[in-house]
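Student: The opening position of the sequence shown corresponds to residue 1 in full-length UniProt numbering, with each subsequent residue numbered one higher. Where is the CB? At the ideal position from N, CA and C, for every residue including glycine. Quick one: this structure, given as structure tokens, is what I'll be asking you about.
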Amino acid sequence: LSVCSSGNATSCEECLLIHPKCAWCFKEEFGNKKSITSRCDFIENLIANGCAGNFESTKSSVNIVKNLPLSSKSSTGTNPDVIQIMPQKISLNLRPGDPASFH
Numbered sequence: 001l002s003v004c005s006s007g008n009a010t011s012c013e014e015c016l017l018i019h020p021k022c023a024w025c026f027k028e029e030f031g032n033k034k035s036i037t038s039r040c041d042f043i044e045n046l047i048a049n050g051c052a053g054n055f056e057s058t059k060s061s062v063n064i065v066k067n068l069p070l071s072s073k074s075s076t077g078t079n080p081d082v083i084q085i086m087p088q089k090i091s092l093n094l095r096p097g098d099p100a101s102f103h
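Listed below in structure tokens is the structure:
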């Protein structure tokens, strides 16, 4: 048994919370009570057991929305906004246990 299938997940949400590498098979007949396979497992195992292309396995993602260069206040006063940090705005989609980073 893998860490994913040993977690006894009964929903996609429960499965994805077990471990960052776990995936959930959408095929309802896959992993039924009479089967030794689980709908929650590593992607490789789901594919090997017949669930190719029918699974959910989200990953964390980082999208830099605003990244203007650093600046200082000009002596003429033409640029009132001082930028002291980069990036200024990011959008994160985080999966529990799956780290994300940005530069």
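(1) Less than 8 Å between the C-beta atoms of F55 and L46, yes or no?
(2) Under 8 Å between the Cβ atoms of S91 and N49?
(3) Starting from the Cα of M86, find the closest Cα among A9, A100, L70 and give me that residue.
(4) What does the alpha-carbon distance come out to for the pair D41 and W24?
(5) Going by C-alpha distance, which of F30, L17, S5 is nearest P96?
(6) C4 and C15 look like a contact to me (Cβ under 8 Å); what is the Cβ gap, rounded to whole Å?
(7) What are the start and end residues of the beta strand (DSSP E) that includes L92?
(8) Quick check: the Cα distance between P80 and H103, rounded to an integer number of angstroms?
Tutor: Put simply:
(1) For F55 and L46, yes; Cβs fall inside 8 Å.
(2) no
(3) L70
(4) 7 Å
(5) L17
(6) 7 Å
(7) 89-93
(8) 26 Å
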